[in-house]
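Here is the structure we will look at.
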Amino acid sequence: MFRGVNYASGAAGIRDESGIHLGDRISLNRQLRNHKVTISHMSTLLENNMTLIQEYLSKCIYIVGMGNNDYINNYLLPQFYPSSLLYKPEKYATILAQQYEKQLKTLYRYGARKVAVFGLGSIGCIPAELDLYGTKDSVCVDSINSAVLKFVDKLKPMIDDFNSNLPNANFIYINVTSIAIGDPSSIGITNLAEPCCEISSFIAKGQCSYGGSACSDRASHYFWDGFHPTEAPNKATAERAYTALLPTDAYPFDISHLALL
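Just so we're on the same page, this note's numbering is the position in the sequence shown counted from 1, plus 10.
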């Protein structure tokens, strides 16, 4: 517990209902409640010394990367969710950002002071969305990327607001979209379109099929399945999030600088 805790949950989102068609998952609201329980356990171990607890929590680095599933497993699946019928892209992005802001402020209220907020990827370019909405020659679905950017564009101003108005707050933004635009061949990737594994056609369509085959050289593929990048692009993103290669990678600074505060 004192060396790190991972609350991540597959298919979970900012909104509680996101991903529900895939079964149970732990939404960000539930993850925050779990974190509150963790703090309670820490309090017991530290004999309810709140000064020591707050000092410890303020030194921790919190990594938050939410929002992708609120599009992939919500807004872009009208057969399961009404959100795209109820809201235009701008309105949905606004509602989503407002809820995210409240959740990140809750994290701050629980003692977080050093927080890295990861943006969303180019969802319109992943194989699963191309299969659903792309044309034969599509490289990306521009309408999806445009909708997602309406949410992404609200994150940097949110970071500025936190840092200006929350005492001792140090929030940073990791620009996943910008990082992903780099040259994939520089990290050995030659196949940008085809998933490495054999894809399922059932309810979890786009994920690897049970017992299916995988490609012989996963390091050359950008995508593992219809949704998730392979280790190579994930590693490249993590490295540039920690030590920015370009000024656009992180704002106002990268994780390595956050760690020094």
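We treat Cβ as the ideally placed atom computed from N, Cα and C, and that holds for glycine. Everything numeric in this text was worked out from a predicted model, so none of it was measured.
Whose CA, out of the options, lies closest to the CA of residue i?
{"i": "Y17", "options": "N39, K215 and S153", "result": "N39"}
{"i": "P205", "options": "G14, P239 and K112", "result": "P239"}
{"i": "A138", "options": "L114, V125, A260 and K215", "result": "K215"}
{"i": "A203", "options": "G33, I133 and K166", "result": "I133"}
{"i": "S210", "options": "D141, T187, N155 and I199", "result": "D141"}
{"i": "V162", "options": "S148, T145 and F128", "result": "F128"}
{"i": "C337", "options": "I136, L159 and E208", "result": "Since the first residue shown for the chain is 11 and the last is 271, residue 337 is missing from the structure and cannot be characterised."}
{"i": "G221", "options": "L271, N44, C207 and N58", "result": "C207"}
{"i": "S28", "options": "V47, G75 and S93", "result": "S93"}
{"i": "L176", "options": "R228, K112 and K164", "result": "K112"}
{"i": "L106", "options": "T145, I71, T54 and K164", "result": "K164"}
{"i": "G75", "options": "F233, K69, S223 and Y110", "result": "Y110"}
{"i": "P194", "options": "C225, F233 and S223", "result": "F233"}
Determine which residues share a DSSP beta bridge with residue i and list them.
{"i": "Q113", "result": "According to DSSP, which records beta bridges pairwise, Q113 is partnered with nothing at all."}
{"i": "V127", "result": "V74 and Y183"}
{"i": "Q217", "result": "K215"}
{"i": "A260", "result": "I184"}
{"i": "F233", "result": "P239"}
{"i": "F201", "result": "In the sequence on display, residue 201 carries Asn and not Phe. Bridge partners of N201: H231."}
{"i": "A224", "result": "C207"}
For residue i, which residues in the same chain have their Cβ closer than 6 Å to its Cβ, ignoring the five residues on either side in sequence?
{"i": "L56", "result": "L62 and I63"}
{"i": "S266", "result": "Y252 and T253"}
{"i": "I197", "result": "A242 and A246"}
{"i": "N201", "result": "S230 and H231"}
{"i": "I73", "result": "A126"}
{"i": "N155", "result": "S132 and G134"}
{"i": "L130", "result": "G77, N78, V158 and V162"}
{"i": "Y91", "result": "N84"}
{"i": "R228", "result": "C206 and T240"}
{"i": "S68", "result": "R123"}
Taking buried to mean at least 16 other C-beta atoms within 10 Å of its own C-beta, is residue i buried or exposed?
{"i": "G14", "result": "exposed"}
{"i": "D152", "result": "exposed"}
{"i": "N84", "result": "buried"}
{"i": "Q108", "result": "exposed"}
{"i": "A269", "result": "exposed"}
{"i": "V158", "result": "buried"}
{"i": "I24", "result": "buried"}
{"i": "H45", "result": "buried"}
{"i": "Y81", "result": "buried"}
{"i": "D264", "result": "buried"}
{"i": "N58", "result": "exposed"}
{"i": "L114", "result": "buried"}
{"i": "Y143", "result": "exposed"}
{"i": "F12", "result": "exposed"}
{"i": "F212", "result": "exposed"}
Using a Cβ-Cβ cutoff of less than 7 Å, which residues in the same chain neighbour residue i once the five nearest sequence positions on both sides are dropped?
{"i": "A179", "result": "Y118, R123, F172 and N173"}
{"i": "M60", "result": "none"}
{"i": "D26", "result": "S37 and N39"}
{"i": "T104", "result": "none"}
{"i": "M52", "result": "M11 and I63"}
{"i": "L271", "result": "K124 and N180"}
Please find out if some non-hydrogen atom of the ligand ADP comes closer than 8 Å to the beta-carbon of residue i.
{"i": "S19", "result": "The ligand ADP is not part of the structure shown, which contains no ligands of any sort."}
Within its chain, find whatever has a CB closer than 8 Å to the CB of residue i; leave out the 5 residues flanking it on each side and keep chain order.
{"i": "Q217", "result": "I209, S210, D235, G236 and F237"}
{"i": "D259", "result": "I184, N185, S188, I189, R250 and A251"}
{"i": "L86", "result": "S94, I133, E139, L142, Y143 and I154"}
Hey, residue i and residue j are a contact pair by Cβ (cut 8 Å); roughly how many whole angstroms apart?
{"i": "Y261", "j": "I169", "result": "7 Å"}
{"i": "P99", "j": "K160", "result": "5 Å"}
{"i": "G20", "j": "R43", "result": "Contact doesn't hold; Cβ gap of about 18 Å is too wide."}
{"i": "H120", "j": "I49", "result": "Correcting the residue type first, residue 120 is Tyr in the shown sequence and not His. Yes, Y120 and I49 are in contact; Cβ-Cβ is about 6 Å, under 8 Å."}
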